[in-house]
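Same order as they appear, the protein sequences are chains W and G. Okay, so the first sequence: first residue is 8 according to the numbering used here, each after it adds one. Okay, so the second sequence: first residue is 1277 according to the numbering used here, each after it adds one. We put the beta carbon where it would ideally sit given N, CA and C, even for glycine. All of these numbers come straight from a predicted model, not from anything done at the bench. Beneath this line is the structure, given in structure tokens, with notes to follow.
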Amino acid sequence: GQNIDQPTEMTATEGAIVQINCTYQTSGFNGLFWYQQHAGEAPTFLSYNVLDGLEEKGRFSSFLSRSKGYSYLLLKELQMKDSASYLCAVRDQTGANNLFFGTGTRLTVIP
Amino acid sequence: DTAVSQTPKYLVTQMGNDKSIKCEQNLGHDTMYWYKQDSKKFLKIMFSYNNKELIINETVPNRFSPKSPDKAHLNLHINSLELGDSAVYFCASRQGESSNEQFFGPGTRLTVL
């Protein structure tokens, strides 16, 4: 099976940096994904990590440590539009390579 | 030119009814999915399907059945609807095994009364 944990809610200030953590346990790890979901909308892909280390894409970066079963999403220069839920998901080879999502972290950016 | 589309966007129905949600993708993707997102925003895989096989999450009741008339469509049929089926259902698609990104449809909010 799969077990994915992330904080339920976070609040950060516009212009600041925020780190959203995700820990996971899975038997057939085959990649970790971060998705962004604004209220009432569909999830959209942000990042993918399969090897250890940091992947940077503009203001967003994602880090993976496979030995620790740990990832984080780093958002820099926060903007009001970054207020959304951030979903951590793992792809599991034993689960037909499907994605298994955590419950998501609702980020609120305040002025 | 929507990539993944779903109809209807909202569906309100009575317990015991049978309903369908349609999904179409115009991306030429090989694999399509159905997810259920409950009131706590937990997004859970229900089915994955490509032209080779259907993978069913074992926790999904057999009242739910996906049907694919062609590669671009994966519709979701639900029989004997129950209150607990109320949720947002998302369709998604992905291009082959080598692609990492899944593209999600806009979702269908199902309310069972």
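Q: Could you spell out the range, first to last residue, of the beta strand (DSSP E) harbouring S1296 (chain G)?
A: 1295-1301
Q.
Quick check on G1372 (chain G): buried or exposed, where buried means 16 or more other Cβ atoms within 10 Å of its Cβ?
A. Classification for G1372 (chain G): exposed.
**Q.** CB contact check: G65 (chain W) to chain G, cutoff 8 Å
**A.** no
**Q.** Rounded separation between G1383 (chain G) and I11 (chain W) - CA only
**A.** 23 Å
Q) So, are the CB atoms of E63 (chain W) and G22 (chain W) less than 8 Å apart? A) Not in contact: E63 (chain W) and G22 (chain W) (Cβ atoms no closer than 8 Å).
**Q.** Identified DSSP bridge partners for L60 (chain W)
**A.** The amino acid at residue 60 (chain W) is misidentified as Leu; the sequence shows Gly. DSSP output for G60 (chain W) lists W:L71 as bridge partner(s).
Q) Distance, Cα to Cα, Y1325 (chain G) vs A1279 (chain G)? A) Y1325 (chain G) and A1279 (chain G): Cα-Cα distance of roughly 18 Å.
(Q) My assumption, with CB atoms under 8 Å, is that E1377 (chain G) sits in contact with F52 (chain W). Please give the rounded CB distance. (A) 4 Å
Q. Within 10 angstroms of its Cβ, does N56 (chain W) collect 16 or more other Cβ (buried), or is it exposed?
A. buried
Q: Rank W:Q100, W:L39, W:A91, W:A46 by C-alpha distance to the C-alpha of I7 (chain W) and give the top, closest one.
A: The structure shown has nothing for residue 7 (chain W), since chain W only spans 8 to 118.
(Q) Run through chain G and tell me which residues come within less than 7 Å of S92 (chain W), C-beta to C-beta. (A) K1317
Q. How many angstroms separate the CA atom of S72 (chain W) from the CA atom of D59 (chain W)?
A. 5 Å
(Q) Tell me the rounded alpha-carbon separation between L39 (chain W) and A96 (chain W). (A) Their Cα atoms are separated by approximately 6 Å.
Q. On the premise that Q1313 (chain G) lies in contact with V1364 (chain G), defined as a C-beta separation below 8 Å, what is that separation, rounded to the nearest angstrom?
A. 5 Å
Q | the region 24-35 of chain W: positions lying closer than 8 Å to chain G by Cβ | A | Within the region 24-35 of chain W, no residue qualifies.
Q. Buried or exposed: where does L1389 (chain G) fall if 16 or more other Cβ atoms within 10 Å of its Cβ makes it buried?
A. exposed
(Q) I'd like to know whether the C-beta atoms of Y93 (chain W) and Q43 (chain W) end up nearer to each other than 8 Å. (A) yes
Q | Counted within 10 angstroms of its Cβ, other Cβ atoms place A46 (chain W) as buried (16 or more) or exposed | A | exposed
Q. Below 8 Å between beta carbons: does that hold for I1354 (chain G) and D1306 (chain G)?
A. no
Q: Enumerate, from N- to C-terminal direction, the unbroken beta strand (DSSP E) stretches of 3 or more residues contained entirely within the region 1327-1377 of chain G.
A: 1330-1332, 1340-1343, 1351-1354, 1363-1370
Q | Under the three-state DSSP convention, the category T101 (chain W) falls into | A | helix
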